[in-house]
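For reference, the structure is listed below as structure tokens.
There are 2 protein chains.
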Amino acid sequence: MNDTVTLAHGAGGKQTAELISRVFKEHFNNPYFTADDASVLPAPTGKIAMTTDGFIVSPAFFPGGNIGKLSVCGTVNDLTCMGAKPLYMTCAFVIEEGFAMADLEKIAAAMEETAKEVGVVIVAGDTKVAGRGQVDGCFITTTGVGQVMDGIQTSGRFAAPGDAVIVTGDIGRHGTAILLARDEYGIEADVKTDCAPLWNPIHALLTEVPDVHVIRDATRGGVGTVLYEIAKEAGVGIAIEREKIPVTEGVLGVTGMLGLEPLYLACEGTMVVFVPMEHAQKAIDVLRQQAHTHGAAVIGQVQAENKGRVIIQTQLGARTFLPEPGNELLPRIC
Amino acid sequence: MNDTVTLAHGAGGKQTAELISRVFKEHFNNPYFTADDASVLPAPTGKIAMTTDGFIVSPAFFPGGNIGKLSVCGTVNDLTCMGAKPLYMTCAFVIEEGFAMADLEKIAAAMEETAKEVGVVIVAGDTKVAGRGQVDGCFITTTGVGQVMDGIQTSGRFAAPGDAVIVTGDIGRHGTAILLARDEYGIEADVKTDCAPLWNPIHALLTEVPDVHVIRDATRGGVGTVLYEIAKEAGVGIAIEREKIPVTEGVLGVTGMLGLEPLYLACEGTMVVFVPMEHAQKAIDVLRQQAHTHGAAVIGQVQAENKGRVIIQTQLGARTFLPEPGNELLPRIC
Chain G
7 MNDTVTLAHG AGGKQTAELI SRVFKEHFNN PYFTADDASV LPAPTGKIAM TTDGFIVSPA
67 FFPGGNIGKL SVCGTVNDLT CMGAKPLYMT CAFVIEEGFA MADLEKIAAA MEETAKEVGV
127 VIVAGDTKVA GRGQVDGCFI TTTGVGQVMD GIQTSGRFAA PGDAVIVTGD IGRHGTAILL
187 ARDEYGIEAD VKTDCAPLWN PIHALLTEVP DVHVIRDATR GGVGTVLYEI AKEAGVGIAI
247 EREKIPVTEG VLGVTGMLGL EPLYLACEGT MVVFVPMEHA QKAIDVLRQQ AHTHGAAVIG
307 QVQAENKGRV IIQTQLGART FLPEPGNELL PRIC
Chain U
7 MNDTVTLAHG AGGKQTAELI SRVFKEHFNN PYFTADDASV LPAPTGKIAM TTDGFIVSPA
67 FFPGGNIGKL SVCGTVNDLT CMGAKPLYMT CAFVIEEGFA MADLEKIAAA MEETAKEVGV
127 VIVAGDTKVA GRGQVDGCFI TTTGVGQVMD GIQTSGRFAA PGDAVIVTGD IGRHGTAILL
187 ARDEYGIEAD VKTDCAPLWN PIHALLTEVP DVHVIRDATR GGVGTVLYEI AKEAGVGIAI
247 EREKIPVTEG VLGVTGMLGL EPLYLACEGT MVVFVPMEHA QKAIDVLRQQ AHTHGAAVIG
307 QVQAENKGRV IIQTQLGART FLPEPGNELL PRIC
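In structure tokens form, the structure reads like this:
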């Protein structure tokens, strides 16, 4: 097979079949993989969740992950937020002519490994190849279908005064890692993405802790943007405390140098969870025992006042509105 | 709102919310549209079909359609091929900074109209904006879930000697329309894409004609490529007759001038259907009564000899192997 992807690999003929069989079948093989136009699958029962996400991150490889791992985590985590066990996934690639076949292999291998961790099956795919300059490297769109756990209903609308606001780990690592990987600032720091699939820890949480109100992935726009969204959807105020927000030294150092707010930097393996305050300690205990969520912490609570706003209390005790996110958020991270 | 799409529209903050609410909600609104990470939907029963397709066609607007219509038809038709009623769809956009908002509106409107024709609901979406030059215009990835009709099982593997080979309409129009829209050859001809959603006619076919073996969308690579795929999957030969293949005068003229084979030009609203010869007339009668499939015709039959090959009989009665498709197929059409 060629060392790089050619236009012929995307034309639907012999070379496309070869690419699918040598790269994608190799990594995604399962009983549902088919040469027909769609996969035929056993239907889930009850309620399903469905979501889609496009990934155009540049660079495609970064410390702690690559666009393949990211594309599976993103969709797995979106399903997870609805309390849905990820069952089936599809992936559609748009690849630039000349993209290294070895890199495509690494991307597919990362997708395979991440999908296996949560037991989701990649049931269908699509490959298009765009001419040089028509697309920057490799874009991946993943779509997932999951089965919602019996009796579980989560939504930003369910945030209620008295809820504890929990983050499942330290924040801002993915955004910082991408920023450093771009090498535009000449900063060297050891920051790896937090990119991880969170179905297993959240499944444990939902099994052991009753009455979880909100689970939301803090990706584009970070924790700050997500909290603003929830505050507006539920018509509540959200008060958080700066000193309780877990941030690694690496992220603190980089964001300090560049004057960035970690609350607006993307996470790809860190979620925001709202539970009634009386269940907060149990939730933290459960999460801290699971892979990817050892660093879970309560960072604040929901209040009836200041509807639609996020209030932050500084280390010195001053309380201020967190500025509302808007305009272009840097860096592009997914 | 701005006249063009900006990077801020893809950053996940205020402007993204504005774009979603003014363009996408406007056209895709339905009870399942949500601000949460995934849509929660009633599960289908029995068997589901799932498929995904990326669309990077250039230009995005062409005679008879645009990339939005195409992206819904592609996924609807893939589900249709498995005898699955299209239920839920997602769409993920990657848009180049500077793309005209008015064009995005037209694309969304076409998606809405096409989805309505078959009753499929767009339940989730994603929007990313790439910098100028990182992507060419607008890419759309659609994914669909459908419910397979009770008792229906179709596959390329089921092609059997004695089957009639039917096309649901004239061939090669989409590929020709895109080719002309590129304006690289200076040819003027009145050829419109055949792009259409075929669930309704195929549903009628499957309801009224027993024992349909194969339904396959003749998109990338056209009817010729699809017939080769089926011949290999089922281990049969497929004999077709040139004079029975419906091709419009416009397509014949253009392909004649450029030396192209209509059998290798893409269709986006024309399928290949295999039924036992005794049901062929009934199938043709049913299809000809339906929108989009008035031009259905039997073009050949399956035979036990020449396994894995496609044989074509010319107007003069000569029989020859259809050359096997490979390499880059022109033009890129989806």
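From first to last, the protein sequence lines are chains G and U.
Remember, our numbering sits 6 above the position in the first sequence when you count from 1.
Remember, our numbering sits 6 above the position in the second sequence when you count from 1.
We treat Cβ as the ideally placed atom computed from N, Cα and C, and that holds for glycine.
- Any Cβ of chain G closer than 7 Å to the Cβ of U/F68 would place that residue at the interface, and such an atom is absent.
- In the structure shown, G/I251 falls within a coil segment according to DSSP collapsed to helix, strand and coil.
- Between U/V141 and G/V141, the C-beta spacing is below 7 Å.
- At least 7 Å separates the CB of U/T120 from every CB of chain G.
- The Cβ-Cβ distance between G/T299 and G/G178 does not fall below 7 Å.
- Under the DSSP assignment, U/C87 falls in the alpha helix (DSSP H) whose first and last residues are 73-87.
- Closest in alpha carbon position to G/D156, among U/A49, U/T57, U/A286, U/V82, is U/A49.
- In the DSSP annotation of this structure, the continuous segment of the alpha helix (DSSP H) that includes U/R188 starts and ends at 179-188.
- Nearest CB-CB separation between U/I62 and chain G: below the 7 Å threshold.
- Residues of chain G with a Cβ closer than 7 Å to the Cβ of U/L85 are, in chain order, A44.
- The three-state secondary structure of U/A237, taken from DSSP, is helix.
- In this structure, DSSP gives U/R325 an extended state, which the three-state scheme calls strand.
- The way I'd put it, the region 275-289 of chain U does touch the region 214-225 of chain U; three or more beta-carbon pairs between them come closer than 8 Å.
- Non-local beta-carbon contacts of G/L85 in its own chain, meaning distances under 7 Å to residues more than five positions away in sequence, involve A55, T57, P92, G150, G152 in chain order.
- Following the DSSP letters along the chain, one finds U/I26 in no beta strand (DSSP E), marked with neither H nor E.
- With a cutoff of 7 Å on beta-carbon distance, G/C273 and G/K75 are scored as not near each other.
- Neighbours of U/T261 in chain G, taken as residues whose beta carbon is under 9 Å from its own, are absent, since the nearest beta carbon is some 17 Å off.
- Residue pairing by DSSP places G/D59 opposite G/T148 in a beta bridge.
- If you check the CB distance, G/E118 and G/V29 do not come in under 7 Å.
- G/S161 reaches chain U at D42, counting residues in chain order whose Cβ is nearer than 7 Å.
- For G/G70, same chain residues with a beta-carbon under 7 Å away, outside a window of 5 residues either side, are A183, K198, T199, C201 in chain order.
- Put simply, the region 22-37 of chain U does not touch the region 256-273 of chain G. Fewer than three CB pairs are less than 8 Å apart.
- At a Cβ-Cβ threshold of 7 Å, U/R315 and U/E239 do not count as neighbours.
- Rounded to whole angstroms, G/R188 and G/F67 show a C-alpha spacing of 10 Å.
- Counting only runs of 4+ residues, the alpha helix (DSSP H) found wholly inside the region 267-334 of chain U occupies 286-294, in chain order.
- In the three-state DSSP reduction, G/M155 falls in the coil class, being neither helix nor strand.
- For G/A98, the enclosing beta strand (DSSP E) starts and ends at 90-102.
- When DSSP states are grouped into helix, strand and coil, G/V127 belongs to the strand group.
- Here the C-alpha atom of G/S45 lies approximately 28 Å from the C-alpha atom of U/H33.
- Interface annotation, U/I54: in contact with chain G, CB-CB separation under 7 Å.
- Nearest to G/E190 by C-alpha distance, out of G/A224, G/V100, G/L264, G/L212, is G/L264.
- The beta carbon of G/E311 is closer than 8 Å to those of G243 in its chain, skipping five residues each way along the sequence.
- When Cβ-Cβ separations below 7 Å define contact, U/K134 makes contact with chain G.
- Listed along the chain, the chain G residues whose CB falls inside 8 Å of the CB of U/V129 are M56.
- In the DSSP assignment, G/A210 falls within the alpha helix (DSSP H) that extends over 205-214.
- Under a criterion of Cβ atoms nearer than 8 Å, no residue of chain G is adjacent to U/G241; the nearest Cβ is some 13 Å distant.
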